[in-house]
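J.:
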């Protein structure tokens, strides 16, 4: 089964499987009854420091390549969580990774990067 990526505001589809919110912060104004995700794994989102560096808050913005490299480094500490998601996919489940952004550059979107890490964990 696949790993899917989309925005959390996109309504669930029957084949979405486990919908995992991977935002650092909970979406504002969304009551528990209106959550579109099954589980929130905020530890799989980029750190606040990485977000600040990417958006240039108080500093010159980092490049997309640096952002990608730093996110992948941060996820080294989340290997057990990533392996757990990989095991679900190996058992035939679909995992849908959700965040709040419309990702224009998929190659540096943390949803896409995380999907790559889950696929890599499946091969180990």
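In our numbering, the protein residues as written are 8 to 131.
Note that beta-carbon positions come from the ideal geometry of N, C-alpha and C, so glycine has one too.
Quick caveat, the model's predicted, so the values are computed rather than measured.
For residue 104, does the count of other Cβ atoms within 10 angstroms reach 16, so buried, or fall short, so exposed?
T.: Residue 104 comes out buried.
J.: Report back the beta-carbon spacing between residue 78 and residue 57 to the nearest angstrom; my notes put them in contact at under 8 Å.
T.: Sure, about 6 Å apart at Cβ, within 8 Å.
J.: Have a look at residue 30 and residue 19 and give me their C-alpha separation to the nearest angstrom.
T.: Taking the straight line from one Cα to the other gives about 17 Å.
J.: For the candidate residues 16, 59, 22, 46, whose alpha-carbon lies nearest to that of residue 37?
T.: It is 16.
J.: What do you reckon, are the CB atoms on residue 53 and residue 117 nearer than 8 Å?
T.: Result yes, Cβ atoms of residue 53 and residue 117 sit closer than 8 Å.
J.: Given a cut-off of 8 Å, decide if residue 25 and residue 47 are closer than it, judged by their beta-carbon atoms.
T.: Cβ atoms of residue 47 and residue 25: not closer than 8 Å.
J.: Could you tell me the alpha carbon to alpha carbon distance between residue 40 and residue 106, rounded to whole angstroms?
T.: Whole-angstrom Cα-Cα distance: 18 Å.
J.: Please state whether the Cβ-Cβ distance between residue 85 and residue 120 is less than 8 Å.
T.: Contact flag unset, no.
J.: Does DSSP put residue 130 in a helix, a strand or coil?
T.: It is coil, neither helix nor strand.
J.: Would you kindly report the start and end of the unbroken alpha helix (DSSP H) that includes residue 75?
T.: 71 to 81 is the span of the alpha helix (DSSP H), which, as asked, contains residue 75.
J.: Which runs of the beta strand (DSSP E) at least 3 residues long sit entirely within the region 15 to 80? Give them in chain order.
T.: For the region 15 to 80, whole beta strand (DSSP E) runs of length 3 or above, ordered along the chain, are 25 to 28.
J.: Specify, as a first and last residue, the run of the beta strand (DSSP E) that residue 103 falls within.
T.: Unbroken beta strand (DSSP E) run through residue 103: 102 to 106.
J.: Determine, using beta carbons only, whether residue 128 and residue 89 come nearer to each other than 8 Å.
T.: Going by C-beta atoms, residue 128 is nearer than 8 Å to residue 89.
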